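S.K.: Could you have a look at this structure, given as structure tokens, before my questions?
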Amino acid sequence: MKFELDNVELYFKNKSILSGIYLKAETGKVTAILGTNGSGKSCLLRIAFGNLKPKYKLVRINGKPLLKPLYKTKNIKFLPQYNFVPSGMTLNFVFKTYGLNWETFIKEFDEFLGFKTFNFSKLSGGQRRIVETYIILKAKSEIVLLDEPFSHISPLYVEKIKTLINDEKSNKIIIITDHMYRHIIEVSDTIYLLKNGATKRINKLTELEDYKYLSQGSLN
Ligand SMILES: Nc1ncnc2c1ncn2[C@@H]1O[C@H](COP(=O)(O)OP(=O)(O)OP(=O)(O)O)[C@@H](O)[C@H]1O
146 MKFELDNVEL YFKNKSILSG IYLKAETGKV TAILGTNGSG KSCLLRIAFG NLKPKYKLVR
206 INGKPLLKPL YKTKNIKFLP QYNFVPSGMT LNFVFKTYGL NWETFIKEFD EFLGFKTFNF
266 SKLSGGQRRI VETYIILKAK SEIVLLDEPF SHISPLYVEK IKTLINDEKS NKIIIITDHM
326 YRHIIEVSDT IYLLKNGATK RINKLTELED YKYLSQGSLN
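Each residue of the sequence shown is one higher than the one before, counting from 146 in my numbering.
This is the structure in structure tokens:
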């Protein structure tokens, strides 16, 4: 499957936020969006998902324009920047809702043993993020959007989430954004830099320095 987002124009009041956007993502590949704070990464993911309506956008699936919001196709899962699981829901219920097996999760994330009947609100900020990222990555879908999955996550769990991304990408389109650029570089197949409202496809990592996303020498 091929997903393309093209010709996006987003304004808030009269301020132009996005213009000159082209992004292509494919099944079997992790497509990353890097960019400084406020460059429009979250807006772009929300536009792709369909819950932010810009002045103009064109979404194509396998080359054909998609006229309804992507979330209405039920083909997509979205990890937003902020917690989305209701705080009063037990983990058991969350896993059932997403059609996932608790025991499989525990095998990989054994520190959550005994948490099955806990309300989501009992977890720490990082633990919430781990559970949300896990269910979004593992639930049935063809497209996964991840907005900052590595924030608030300790190093060992970041590695586990990277492994999950690698495991899941063979039958999914994964689009990811995060400020932890080293992890992004490691886990992604294609990188776009969002700068001045436009996407630039990165062919050589040193372009991240040339475009002043990273300071010179950061990649050494
Ligand atoms: N609802 C809104 N009303 C007005 N301006 C908004 C709104 N949402 C976002 N913006 C502006 O749009 C721009 C892009 O925001 P966005 O959240 O997409 O950035 P980002 O690249 O995800 O940033 P960060 O890395 O800090 O999360 C910012 O200048 C922000 O202030």
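All residues carry an ideal CB built from backbone N, CA and C; glycine is no exception. As the structure is a prediction and not an experimental result, all values here were calculated from the model.
#1: Let me know the alpha helix (DSSP H) ranges lying completely inside the segment 301-350, each 4 residues or longer, listed in chain order.
#2: Which class does Y279 belong to by DSSP, given the choice of helix, strand or coil?
#3: What's the call for L258, buried or exposed, on a 16-neighbour Cβ count within 10 Å?
#4: Kindly indicate which residue of N220, I281, K209, K217 has the alpha-carbon position closest to the one of F229.
#5: Ligand 1 and G183: does any heavy atom of the ligand fall closer than 7 angstroms to the residue's C-beta?
#6: Can you grab the Cα-Cα spacing for the pair L211 / F148, in whole Å?
#7: So what's S161 in DSSP terms, helix, strand or just coil?
#8: Tell me whether the beta-carbon of T176 lies closer than 8 angstroms to the beta-carbon of I319.
#9: Are the Cβ atoms of F265 and L236 separated by less than 8 angstroms?
#10: I want to check one thing, is the minimum distance from the CB of F157 to the heavy atoms of ligand 1 below 7 angstroms?
#11: Distance, Cα to Cα, Y243 vs Y302?
M.R.: So, from the listed chains and residues:
#1: Counting only runs of 4 or more, we get 326-332.
#2: DSSP places Y279 in helix when its eight states are reduced to three.
#3: It counts as exposed.
#4: Residue I281 is the option with its Cα nearest to F229.
#5: Answer for G183: yes, Cβ within range of ligand 1.
#6: In this structure, the alpha-carbon of L211 lies about 10 angstroms from that of F148.
#7: Strand, per DSSP.
#8: Against a cut-off of 8 angstroms, the Cβ pair of I319 and T176 comes out as a contact.
#9: Between F265 and L236, the CB-CB gap stays under 8 angstroms.
#10: Yes, the Cβ of F157 comes within 7 angstroms of a heavy atom of ligand 1.
#11: Just so you know, the alpha carbons of Y243 and Y302 end up roughly 21 angstroms apart.
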